[in-house]
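Just below is one structure, and these are the notes that go with it.
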DNA sequence: GCTATATGTTGCTATTTGTCAAAATTAGAA
DNA sequence: TTCTAATTTTGACAAATAGCAACATATAGC
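Protein chains in written order, with the working numbering: chain L, 12 to 246; chain G, 12 to 246.
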């Protein structure tokens, strides 16, 4: 008798997970094994909400693959987008360690996989493993700095400069390609750069007229990278 | 000129330092003693630069008392202010753990005292003392989140809303008083909210005309807190 | 394939914000 | 103090941006 019945758990693959090279590189195989046991890997399809602002924080989440947006809904029901980000960003973790509830909502812009580990366990490991803690501080502060920097870059530019910056951001940081499918609507770009969607669209049209970009729906092709960079710089 | 005062070393008082209640609460008396030995307490008078963006990061700095501004100089020589902050914020430490050089400059808006501890030592302590690490993560993420939040709040408002928000910020967060001396010039407010200084001044004048504030040079008295909050909310 | 709905586009106008310049005031240096 | 330079203030005008509305196009659900 006394059979230990393990619910059919798919074979843990954390040990070979490419993410170990980030914060988790300093964990022993033993600890990684522990994380494997308890971590939950959750798939979200495009458009799905991963969590809402106000939800209690129980998990430390990081993006394994896909693309997400971090955002906030203002009192008058408008969305303000904090950032759009790829793996392996530690998403919405700016406040994971000092608040009870999420300050920002998170949703999937593309089909995405999030790895979630109970925050208590992460806390334990920080306490137990100083090297892990130091690694974690490093990546968390990089994540936070990216968000801060994006905000400053947006804030100092005018409409055209903001759009040029965002296009370069998607091209350079997100897609590493001169041609790409925008993962967001014009309205969402407006919500990211804090401008009206009509003016975002207008600026796209101007850039198109001036031969700086080609657009076909959400497909963007940057034709004149140089001019776009100039607009971004002096905008 | 911001001399590092090393000798004669005044009797170490870290053990009773009110800052121990923050990140350092989890350090043993022994470790606190060690920090006492090596920490440098540096006084800056109003207007002095504490460090410049690009300077190599060698110290973990926190503000013991005073008031500082964190800022950046753009390519065209304009200042962009990231935040204005009081103790016991951990200043400019967003990138202390993942970069070689400061990304932002820091200067004193009032006479200030900064405690500086060699970053290597902090790293060592993180590795050695997990509780300290966890505490540090908590306060660092709160600091980062404050900066992110300020940026978002500014970005979503129009001119009048931004100024109302900033006045409420100084009144509520910095001075805890309805009447206070602005620690910054009109130009610096402009650099913080990313608007022109002429328009900042104009808005001050409007608020004055409407009986919302009284101004006398840098002395501000908020006369109608309610109206200011309404402007901040719907701006 | 078809409708219903959301998203994108453009023009027009009102409002907001920036720029420039001159005058008034304030702060700092000698 | 006295002078000088920087900051503050205001006005007039130009430029940028928002708001609205009509229409086109794409998308999703049936």
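We put the CB at the ideal spot given by N, CA and C, even for glycine. Bear in mind the structure is a predicted one, so any value in this text is a computation, not a measurement.
DSSP places residue 40 of chain G within a helical segment (H, G or I) once states are collapsed to three. As for any alpha helix (DSSP H) of minimum length 4 sitting wholly inside the stretch 113 to 166 of chain G, the runs are 130 to 139 and 141 to 166, ordered along the chain. For residue 108 of chain L, the closest C-alpha among the options G/164, G/142 and G/202 is that of G/142. DSSP places residue 198 of chain L in the uninterrupted alpha helix (DSSP H) bounded by 197 to 204. For residue 54 of chain G, the uninterrupted beta strand (DSSP E) run begins and ends at 51 to 55, by DSSP. When C-alpha distances from residue 140 of chain G are compared across G/64, G/39 and G/176, the shortest belongs to G/39.
The beta carbon of residue 69 of chain G sits closer than 8 angstroms to those of 129 and 130, all from its chain and outside the five residues before and after it, given in chain order.
Distance from residue 49 of chain G to residue 79 of chain G at the Cβ level is roughly 22 angstroms; contact not present, criterion being Cβ atoms closer than 8 angstroms. Ranked by how close their Cα comes to the Cα of residue 121 of chain G, the residues G/45, G/168, G/196 and G/169 have G/196 in first place. Between residue 119 of chain G and chain L, the shortest Cβ-Cβ separation is not below 8 angstroms.
Neighbours of residue 153 of chain G in chain L, taken as residues at a C-beta separation under 7 angstroms, are given in chain order as 109. Using a Cβ-Cβ cut-off of 8 angstroms, residue 93 of chain L counts as an interface residue toward chain G, since at least one Cβ of chain G sits closer than that to its own. By the criterion of a C-beta distance shorter than 7 angstroms, residue 191 of chain L is surrounded in its chain by 181, 182 and 231, once the five residues flanking it on both sides are discounted.
In this structure, residue 150 of chain G lies away from residue 115 of chain G, with their beta-carbon atoms at least 8 angstroms apart.
At a cut-off of 8 angstroms between beta carbons, residue 239 of chain G makes no contact with chain L. Taken through DSSP and simplified to helix, strand or coil, residue 241 of chain L comes out as helix. Distances from the CA of residue 225 of chain L to each of L/189, L/85 and L/167 were compared; the closest alpha carbon is that of L/189. Minimum Cα-Cα distance from residue 200 of chain L among the listed residues L/35, L/171 and L/223 corresponds to L/171. For residue 149 of chain L, at least one C-beta of chain G is nearer than 8 angstroms to its own C-beta. Within the stretch 154 to 176 of chain G, the residues whose Cβ lies closer than 8 angstroms to some Cβ of chain L are 155, 156, 158, 159, 160, 162, 163, 165, 166 and 167, listed in chain order. Where residue 232 of chain L is concerned, the enclosing beta strand (DSSP E) starts and stops at 230 to 233. About 36 angstroms separates the beta carbons of residue 125 of chain G and residue 223 of chain G, which is beyond the 8 angstroms limit, so they are not a contact pair. Remark: C-beta atoms of residue 152 of chain G and residue 96 of chain L do not approach each other more closely than 8 angstroms.
Checking the DSSP bridge columns, you'll see residue 67 of chain G partnered with G/112. Closest by C-alpha distance to residue 204 of chain G, out of G/213, G/161 and G/186, is G/161.
Taken atom to atom, the span from the alpha-carbon of residue 44 of chain G to that of residue 25 of chain G is near 7 angstroms. According to the DSSP secondary-structure assignment, residue 76 of chain L is paired through a beta bridge with L/124.
Secondary structure of residue 223 of chain G (DSSP, three-state): coil. When C-alpha distances from residue 72 of chain G are compared across G/184, G/99 and G/127, the shortest belongs to G/127.
Any Cβ of chain G closer than 8 angstroms to the Cβ of residue 138 of chain L would place that residue at the interface, and such an atom is present.
The Cβ atoms of residue 35 of chain G and residue 74 of chain G lie no closer than 8 angstroms to each other. Boundaries of the alpha helix (DSSP H) harbouring residue 177 of chain L: 170 to 180, taken from the DSSP string. Against residue 145 of chain G, the close residues of chain L are 108, 134, 137, 138 and 144, in the order they occur along the chain (beta-carbon pairs closer than 8 angstroms).
Taking the C-beta atoms as reference points, residue 110 of chain L is found no nearer than 8 angstroms to residue 83 of chain L.
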